[in-house]
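Colleague: One structure, pasted below without further comment.
Protein chains in written order, with my numbering: chain D, -12 to 311; chain S, -12 to 311; chain B, -12 to 311; chain H, -12 to 311.
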């Protein structure tokens, strides 16, 4: 249950005996309580908005905000009529690569640049990213090319550093339930793109979002990126019906990542079309100037030409559904 | 490896020492062999078309037929420019229900009527279908309303009966590897809609198609209907990227079933849009005049009005991709 | 709900309005009804045993028979104190191979011979079994060596043939929901070993058993053989905790197949030990005189020596738990 | 490839051009290199032990150490002949509960006390643990009762704190690929129990162990705790055949957690028996003085009496296999 007041109420807090979570929501204050409120308290809550929720997650639930939330990364607004596209290389490999990628994706219509400086890799012997150097490059290229930048943080300590350089923080699939990282990202106040864990249920995903929201950070975007299945023909299984379901369960914008979901270049464009058709508010796509030379995720990266074709096709789907 | 000749060749058959499978392909004859052909034989195969395949399945492979195959159910051609839609109730419950459903789906643009007379059900206590009575109703309604009919056979013995009444035979997900049933359906010569098994890999699915093709039945349509995963928020996970992959691996038409894939009425339309956007050649959708009274699969059935909306939206997606 | 009477009751049948399933249970008669019985009927059921069940499956539930059922294949009694072991080649390849295998497994302590004459294979180009010839060999070897034989039927029509030659019928994992086959196997009256489907839930498995029991066949043995997962390091995942759960949910004996569950010879013995430790009533193991020459499943087949070691280790586990 | 030398070699490091990872192994030094060594270097490596590995993980591979490693937590040696059992409550809830649990499990034969002070929970509204207070209680109880203590760290910053109080650090399933946490735990030098991720392949698990080993921490114990599947009858699927496989792939000790694997009290004991029978070097089991009052994981916790029975049965299995 959520009680929304115009301002803090000591009386309420005392009445609840300290058993609540308090969050700023714009100029208002929300108290999240997990039990029924005693009558003598509820009677005095004149003017309060009381939201009865049917799920365990509260602030993330559609019941809390019937209208969809809008989240900005730079000028790109997620959750509105326009479909937003984040694109760029899996990993920042160098300044030249990044400039090339950023210019190409911007020209094709992408509104956010993506690129990893801290790369969580299965093997400790794989390329781990350029770290702070990579962050610096991202900032420079973002400023020069004129496109906001999204990049991943992989531990709580990295968050302040990433927040200093980037316009938005990505929480990767492996870290969806890294709760300390979620708390840190929540506290940063930056827009956060929260990827679904590789075997996370939809409920677990929304609970993870709740960790972010409870820190008072309302700039949360969910990202479907494929789940693990028994069939290795594709890297993961793109759960677009699950994504459509999530859009009904939460007010947060939801985007989709056809690159990780499929793991195969030739499937990225059909999967991207399908994601938009299923109702995604945006996409996140891996684009590399020369995919065959990529230090990670080459097989699933589009080259700039392929990306331009994808944008063209996605655009036609979006328009057919009355979006931009 | 496949050797295609204009007519049968006793010399070749002797040369192969009986180790081949022979299949009629239109007016030609295809010999499928699983080993390298001795040089003294291959040298004499003047004029033959020899197809080296890279997968275990042969006749189903795209390598065997670069051009996509077209399969007809009545006048509906699957695999061409037009998107075909099969629709109707999960189970035939009575003549009235069937007439209503058939007229509604035809009016909204469906080109094939679906409906089950033999229902494979998890529980022996659940409604098992009307059997031959149901088949008779399907035939009558099909003829009167003017829409061809697709229905499921669940055992080899049922195939001749189903083939007598229906225009096309469905092999359900549970029976994808019921090889005796596949052989019988193949021999029937009828168009066959082969659903992907609930936990079948894409390779296993194409091998199942191969069983049908080896009987000389080229009228095979594949149908993606969702696979089982760890998350029960949706009934299954709609594997649309897998479907897009399949379209590249085989020449057979591929359709998608958003009803079984999602199991939830409110997700059928977004999932249907996504399927078409991902490249499906058609859809199969459960429609019931009064879903709440359905004897099976009510929660995932559209009512006629919902189906008309779905058709409208799907049509816009199809047009955006240059299809009908 | 199950009503057990000493003999048939026309009055009850009329009272139930035909909405029941009637099954012979020994000398008694069980009526399975899925709804609450009207008071005027229940009041007259003096002397009847009325079983309220909490699951959808009825006859298979532990509630119907608190005491575990015992099922015989030849002299081997499954579900008693003794652990029974079925062993033999995946496929019958010839008489010599079968004699060797049968003698070896009997000597090591196996109580049932297994071997496939009809082999369901993913690829139509793989060895499909010797068919009726294979059945004849099984019968002969069984009689000569003195060990009962279990073999698979893959379609309803095969059941009478298999029942003629074999002591027990196996329903394979792919056919767990081949309901027509279940009905035919149920009608045969033969002992049936029902393997769990590769992605069947435990509830679906017990419902499949219910199809057999409803035909009045009480000689049903369940067999856990591994389920499909995301990790292909082993062929399947051996669900031994699931097996332990099943033993509490049903009165039927439950055995385990470490060969298919693991797919790797070196894991068969530890998996077999674990199965017995988890409470399995028996094992079914693939043994081939020369695994490297096997026409199917060679990599997971033990040779006679390996099987003897397995039997020795399994025996120690069984004794530690007070079994034989 | 791994090159083991008696001492550091600047010549080798130069020859490798900096492309190596250097790790202390006892008194020796191991250089891990991922490429073929130029001949002019390898020729000079007199006396070096050169290990060619066939997997991507190197230090964790059985090829690096044919003999199994032994890891100590307090006096409990994992990987030897004796089976070690860690037991205690899911979460530390208070001093009294902890004393009770510790005394009970020690008396029944447990050699390590487990208990969580930092609890990663799906919902932010669930009990999150007592934090440092909990650690303090663990230390006190451990010292007074005389049993070493294992507890979880959930972020890199917590590691030094946890290391100060505990005898061993647990990395939970959700954090198996929290690479910054792995690095921190590796650097701590403490024994680390690394749980398998809920949907981690065996290869990913061993790569995670490699992250720990690369920090020069050889005190690593792997823990199988069940993987996610399509069936929710049990909380997870206990992958004991996978565990047996892992024991062949790595030299590290492997233990098993029947509590999380099954999620159901009545299955813990059969699952524990099966784990030992499959070859586990130990167990980790949730025991609570009053499971019904537990703040987390009550349904899967044994009470002291149930735990004593489990120990008795497990002991019989261990002895049957020649272990203690």
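Ideal placement from N, C-alpha and C gives every residue a C-beta, glycine not left out. Computed from a prediction, not measured in an experiment: that's the story for all the values here.
State yes or no: is the C-beta of residue 105 of chain D within less than 8 Å of the C-beta of residue 96 of chain D?
Modeller: As a first step, residue 105 of chain D is located in the first chain; it is residue number 118 there, counting from the start. As a first step, residue 96 of chain D is located in the first chain; it is residue number 109 there, counting from the start. Their beta carbons are not under 8 Å apart, which means residue 105 of chain D does not touch residue 96 of chain D by this criterion.
Colleague: Cα separation between residue 23 of chain D and residue -12 of chain D?
Modeller: For this step, residue 23 of chain D is matched to residue 36 along the first chain. For this step, residue -12 of chain D is matched to residue 1 along the first chain. Spanning the two alpha carbons is a distance of roughly 8 Å.
Colleague: Just the C-alpha distance for residue 112 of chain B and residue 244 of chain B, rounded to the nearest angstrom, thanks.
Modeller: The count along the third chain starts at 1 and reaches residue 112 of chain B at position 125. The count along the third chain starts at 1 and reaches residue 244 of chain B at position 257. C-alpha separation (whole angstroms): 26 Å.
Colleague: May I have a chain-ordered list of the beta strand (DSSP E) segments no shorter than 3 residues that lie completely inside the region 145 to 188 of chain D?
Modeller: Those beta strand (DSSP E) runs which fall completely within the region 145 to 188 of chain D and span 3+ residues are 155 to 158, 178 to 182.
Colleague: Could you list which residues in chain B have their beta carbon closer than 7 Å to that of residue 221 of chain H, in chain order?
Modeller: Residue 221 of chain H sits at position 234 when you count from the first residue of the fourth chain. Those within 7 Å of residue 221 of chain H in chain B are 228, 229, 232.
Colleague: Give me the chain B residues within the contact set of residue 186 of chain H, using Cβ-Cβ distance strictly less than 7 Å, ordered along the chain.
Modeller: One-based indexing of the fourth chain puts residue 186 of chain H at position 199. Within 7 Å Cβ-Cβ: 217.
Colleague: Which one of H:169, H:191, H:255 has the shortest CA to CA distance from residue 294 of chain H?
Modeller: The residue given as residue 294 of chain H occupies position 307 in the fourth chain. Checking every option, the nearest Cα to that of residue 294 of chain H belongs to H:255.
Colleague: Please state if the CB of residue 220 of chain D and the CB of residue 232 of chain S are separated by a distance shorter than 8 Å.
Modeller: Along the second chain, one-based indexing puts residue 232 of chain S at 245. Along the first chain, one-based indexing puts residue 220 of chain D at 233. Result yes, Cβ atoms of residue 232 of chain S and residue 220 of chain D sit closer than 8 Å.
Colleague: Compare the C-beta of residue 286 of chain S against all C-beta atoms of chain D and say whether one is closer than 8 Å.
Modeller: The residue given as residue 286 of chain S occupies position 299 in the second chain. Chain D contact via Cβ: absent.
Colleague: Measuring straight from C-alpha to C-alpha, what distance separates residue 292 of chain H and residue 86 of chain H?
Modeller: Here residue 292 of chain H corresponds to residue number 305 of the fourth chain, with the count starting at 1. Here residue 86 of chain H corresponds to residue number 99 of the fourth chain, with the count starting at 1. Those two C-alpha atoms are separated by around 16 Å.
Colleague: Under a CB-based cut-off of 8 Å, is residue 201 of chain S close to chain B?
Modeller: If you number the second chain from 1, residue 201 of chain S lands on position 214. Chain B, which has a Cβ nearer than 8 Å to the Cβ of residue 201 of chain S, makes this yes.
Colleague: Check whether the region 212 to 228 of chain D and the region 195 to 208 of chain S touch, using three or more Cβ-Cβ pairs below 8 Å as the test.
Modeller: They do not touch, by the three-pair rule.
Colleague: Of all Cβ atoms in chain D, is any one closer than 8 Å to the Cβ of residue 225 of chain S?
Modeller: Against the second chain, residue 225 of chain S aligns to sequence position 238. Taking Cβ atoms only, chain D reaches closer than 8 Å to residue 225 of chain S, which makes this a yes.
Colleague: Any contact between the region 146 to 165 of chain D and the region 188 to 196 of chain S? By contact I mean 3 or more CB pairs, one from each, below 8 Å.
Modeller: Flag = no, the region 146 to 165 of chain D and the region 188 to 196 of chain S do not touch.
Colleague: Have a look at the DSSP bridge pairing and note the partners of residue 65 of chain B.
Modeller: Position 78 of the third chain, counting from 1, holds the residue named residue 65 of chain B. DSSP lists B:58 as partners of residue 65 of chain B.
Colleague: Taking beta-carbon pairs under 8 Å, can you tell me which members of the region 246 to 272 of chain S lie near chain D?
Modeller: Cβ contacts with chain D: 248, 249, 251, 253, 254, 257, 258, 260, 261, 262, 263, 264, 265, 266.
Colleague: Let me know the secondary structure DSSP gives residue 30 of chain H once reduced to three states.
Modeller: Here residue 30 of chain H refers to the residue found at position 43 of the fourth chain. DSSP places residue 30 of chain H in coil when its eight states are reduced to three.
Colleague: Would you mind telling me which residues of chain D sit closer than 7 Å to residue 5 of chain H, beta carbon to beta carbon, in chain order?
Modeller: Position 18 of the fourth chain, counting from 1, holds the residue named residue 5 of chain H. By Cβ distance, chain D contributes nothing, its closest Cβ being about 14 Å from residue 5 of chain H, past 7 Å.
Colleague: Which same chain residues end up closer than 6 Å to residue 140 of chain B when comparing Cβ atoms and leaving out the 5 residues on each side of it in sequence?
Modeller: For the purposes of this step, residue 140 of chain B is taken as residue 153 along the third chain, with counting starting at 1. The answer, listed in chain order, is 146, 149, 156.
Colleague: In whole angstroms, what is the alpha-carbon distance linking residue 260 of chain H and residue 198 of chain H?
Modeller: Position 273 of the fourth chain, counting from 1, holds the residue named residue 260 of chain H. Position 211 of the fourth chain, counting from 1, holds the residue named residue 198 of chain H. Spanning the two alpha carbons is a distance of roughly 31 Å.
Colleague: Helix, strand or coil, according to DSSP, for residue 0 of chain B in the structure here?
Modeller: Position 13 of the third chain, counted from the start, is the residue given in the question as residue 0 of chain B. Residue state, collapsed to three classes: helix.
Colleague: Would you identify the three-state DSSP class for residue 20 of chain H, choosing helix, strand or coil?
Modeller: Within the fourth chain, the letter at position 33 stands for residue 20 of chain H. Correct three-state label for residue 20 of chain H: coil.
Colleague: At 4 residues or longer, and completely inside the region 239 to 293 of chain H: list those alpha helix (DSSP H) runs for me, N to C.
Modeller: You should have 245 to 249, 252 to 265.
Colleague: What's the gap between the Cα of residue 34 of chain H and the Cα of residue 238 of chain H?
Modeller: For the purposes of this step, residue 34 of chain H is identified with residue 47 of the fourth chain, where counting begins at 1. For the purposes of this step, residue 238 of chain H is identified with residue 251 of the fourth chain, where counting begins at 1. Taking the straight line joining both Cα atoms gives about 23 Å.
Colleague: Does residue 304 of chain D pass the burial test, meaning 16 or more other C-beta atoms within 10 Å, or should it be called exposed?
Modeller: Here residue 304 of chain D corresponds to residue number 317 of the first chain, with the count starting at 1. Buried, by the Cβ-count rule.
Colleague: In the structure shown, what three-state DSSP assignment does residue 193 of chain B receive?
Modeller: Here residue 193 of chain B refers to the residue found at position 206 when the third chain is read from its first residue. Helix at residue 193 of chain B.
Colleague: Against residue 18 of chain S, what residues of chain B qualify as contacts under a CB-to-CB distance less than 8 Å, listed in chain order?
Modeller: Along the second chain, one-based indexing puts residue 18 of chain S at 31. In chain order: nothing, as chain B lies at least about 13 Å away.
Colleague: Nearest chain S C-beta to residue 52 of chain B closer than 8 Å, yes or no?
Modeller: Residue numbering aside, residue 52 of chain B sits at position 65 when the third chain is read from its first letter. Residue 52 of chain B does not count as touching chain S.
Colleague: Suppose you measure from the CA of residue 296 of chain S to the CA of residue 257 of chain S; what does that come to, to the nearest Å?
Modeller: For the purposes of this step, residue 296 of chain S is identified with residue 309 of the second chain, where counting begins at 1. For the purposes of this step, residue 257 of chain S is identified with residue 270 of the second chain, where counting begins at 1. Rounded to the nearest angstrom, the two C-alpha atoms are 11 Å apart.
Colleague: Shorter than 8 Å from the beta carbon of residue 165 of chain D to some beta carbon of chain H?
Modeller: Locating residue 165 of chain D in the first chain gives position 178, where the first residue counts as 1. Interface residue, yes.
Colleague: Quick one: what's residue 93 of chain B bridged to in DSSP?
Modeller: The residue you call residue 93 of chain B lines up with position 106 of the third chain. Answer is none; residue 93 of chain B lacks a bridge partner.
Colleague: Of all the residues that make up the region 137 to 164 of chain S, which are near chain B by a beta-carbon distance shorter than 7 Å?
Modeller: Taking 7 Å as the Cβ-Cβ cut-off against chain B, the residues of the region 137 to 164 of chain S that qualify are 141, 142, 143, 144, 161, 162, 164.
Colleague: Can you tell me the Cα-Cα spacing of residue 268 of chain H and residue 72 of chain H, whole angstroms?
Modeller: As a working mapping, residue 268 of chain H is identified with position 281 in the fourth chain. As a working mapping, residue 72 of chain H is identified with position 85 in the fourth chain. Rounded to the nearest angstrom, the two C-alpha atoms are 9 Å apart.
Colleague: In the DSSP assignment, find the alpha helix (DSSP H) that holds residue 234 of chain H and state where it starts and stops.
Modeller: In the fourth chain, residue 234 of chain H corresponds to position 247, counting from 1. Here the alpha helix (DSSP H) through residue 234 of chain H covers 227 to 236.
Colleague: Closest to residue 80 of chain B by C-alpha separation, out of B:47, B:98, B:165, B:128, would be which residue?
Modeller: Within the third chain, numbered from 1, the residue matching residue 80 of chain B stands at position 93. Comparing Cα positions, the closest option is B:128.
Colleague: Got a sec, what are the start and stop residues for the beta strand (DSSP E) residue 101 of chain S sits in?
Modeller: Counted from its first residue, the second chain places residue 101 of chain S at position 114. It spans 99 to 101 - the beta strand (DSSP E) in which residue 101 of chain S sits, taken as one unbroken run.
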